[in-house]
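In what follows, a single structure is set out as structure tokens and then discussed.
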Amino acid sequence: MRQELKEQLLKGVVTIILCTSVFFAARQAAVLVNEGTAQKTEQFCVVIDAGHGGDDPGKIGINGALEKEVNLQIAEKLKMFLEASDVKVVMTRENDGGLYDENASNKKVQDMKRRIQIIEEAQPQLAVSIHQNSYGEEYVNGAQVFYYNGSVKSKELAEMIQNRMIQYLDPENHRQAKANDSYYLLKKTGKPIVIVECGFLSNSAEAEKLCDNYYQEKVAWNIHMSIMQYLNTREK
Numbered sequence: 037m038r039q040e041l042k043e044q045l046l047k048g049v050v051t052i053i054l055c056t057s058v059f060f061a062a063r064q065a066a067v068l069v070n071e072g073t074a075q076k077t078e079q080f081c082v083v084i085d086a087g088h089g090g091d092d093p094g095k096i097g098i099n100g101a102l103e104k105e106v107n108l109q110i111a112e113k114l115k116m117f118l119e120a121s122d123v124k125v126v127m128t129r130e131n132d133g134g135l136y137d138e139n140a141s142n143k144k145v146q147d148m149k150r151r152i153q154i155i156e157e158a159q160p161q162l163a164v165s166i167h168q169n170s171y172g173e174e175y176v177n178g179a180q181v182f183y184y185n186g187s188v189k190s191k192e193l194a195e196m197i198q199n200r201m202i203q204y205l206d207p208e209n210h211r212q213a214k215a216n217d218s219y220y221l222l223k224k225t226g227k228p229i230v231i232v233e234c235g236f237l238s239n240s241a242e243a244e245k246l247c248d249n250y251y252q253e254k255v256a257w258n259i260h261m262s263i264m265q266y267l268n269t270r271e272k
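The working numbering runs 36 ahead of the 1-based position in the sequence shown.
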């Protein structure tokens with residue numbers, strides 16, 4: 037019991053240190069972008085889409101976790117990091133609800149159309165949709181980023197995120213950023229957009245990590261750093 041308490045206290049201290057260092061590092065990331073472009077980062081806008089919501093839970097983890105909840109938790113942390121870097125953030129959702137009317141004939145279609153509408157109205161430099169994956173075989177794991185086939189900018193962003201997720205979170209992950217031409221959100225969005233599948237809720241070890249606050253912060257931080265890298269190299 038005493039050892040468990042020590043571990044919890046240590047984890048809390050590490051989280052506080054991470055959040056403090058992350059704030060200053062995020063400010064430095066903003067400085068780097070400002071130095072590399074005539075624009076100030078407050079002029080940059082990023083849309084964060086927390087996938088699923090409302091009646092649509094998304095994937096259900098091997099541990100009972102709901103994808104929609106994990107998506108929103110990571111999205112909120114990503115928002116915090118980006119705003120610390122003076123980037124304007126627009127969220128497609130900020131609570132458990134979906135983006136549909138209760139009397140809609142097809143809630144899923146209306147939900148997706150409204151997400152796209154939010155992105156188009158925001159006129160962002162890019163959009164990131166946060167999701168979790170699942171598969172029938174428990175051993176399958178690893179984050180993977182998807183982009184629309186033919187979009188050069190989306191591919192660049194996807195590869196930046198994929199590379200950081202591997203380098204800093206899971207060096208054993210051999211997945212690559214993957215082109216897709218069937219995902220509705222990727223097809224219908226005119227701005228650079230990627231879908232980040234942060235891991236597999238069907239894998240017990242990965243599901244446990246994805247529900248951990250500290251690990252979620254690391255995921256969000258590395259997505260944030262990839263976005264700042266993209267803005268620095270692409271939006272000059």
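Backbone N, C-alpha and C fix where the C-beta goes; we use that ideal spot for every residue, glycine too.
Exposed unless 16 or more other CB atoms sit within 10 angstroms - verdict on residue i
i       : result
Thr-269 : exposed
Met-264 : buried
Glu-173 : exposed
Ala-111 : buried
Lys-95  : buried
Pro-207 : exposed
Val-176 : exposed
Ala-140 : exposed
Tyr-136 : buried
Contact set for residue i: own chain, Cβ-Cβ below 8 Å, skip 5 residues either direction
i       : result
Ile-98  : Glu-174, Leu-237, Ser-238, Asn-239, Ser-240, Ala-243
Ala-158 : Cys-81, Val-83, Val-126
Glu-233 : His-167, Gln-168, Asn-169, Ala-179, Gln-180, Val-181, Phe-182
Asp-92  : Lys-104, Gly-134, Lys-143, Lys-144, Asp-147
Bridge-paired residues (DSSP) for residue i
i       : result
Met-127 : Ile-84
Asn-258 : DSSP, once it has assigned bridges, lists no residue as partnering Asn-258.
Gly-89  : Asp-92
Val-181 : Val-232
Asn-216 : Tyr-184
Leu-102 : Ile-96
As assigned by DSSP and simplified to three states, the class of residue i
i       : result
Ser-141 : coil
Leu-118 : helix
Lys-227 : coil
Lys-95  : coil
Ala-163 : strand
Glu-173 : coil
Gln-168 : strand
Asn-239 : coil
Asn-107 : helix
Ala-158 : helix
Leu-205 : coil
Leu-135 : coil
Ala-194 : helix
Asn-70  : Below a pLDDT of 50, predicted positions are generally treated as unreliable, and Asn-70, at 49, falls in that range; the measurement from the model is reported next regardless. Residue state, collapsed to three classes: helix.
Arg-211 : coil
Asp-248 : coil
Neighbourhood of residue i by C-beta, 7 Å cutoff - its chain only, sequence neighbours within 5 removed
i       : result
Ile-154 : Val-83, Val-126, Thr-128
Thr-225 : Ile-152, Ile-155, Ala-163
Glu-78  : Confidence at Glu-78 is low in this model, with a pLDDT of 49, below 50, so its placement is unreliable and the value that follows should be read with caution. Closer than 7 Å at the Cβ level, and outside the excluded window around Glu-78, lie Asp-122, Lys-124.
Asn-258 : Arg-200, Met-201, Tyr-204, Leu-205
Tyr-171 : Phe-236, Ser-238
Sequence-distant residues of its chain with Cβ nearer than 6 Å to residue i (five each side left out)
i       : result
Ala-86  : Asn-107, Leu-108, Ala-111, Arg-129, Ile-166
Lys-245 : Tyr-251
Cβ contact check for the stretch 136-150 and the stretch 186-199: 3 or more pairs under 8 Å:
no
Would you call the stretch 243-255 and the stretch 183-190 in contact, with 3 or more CB pairs under 8 Å?
no
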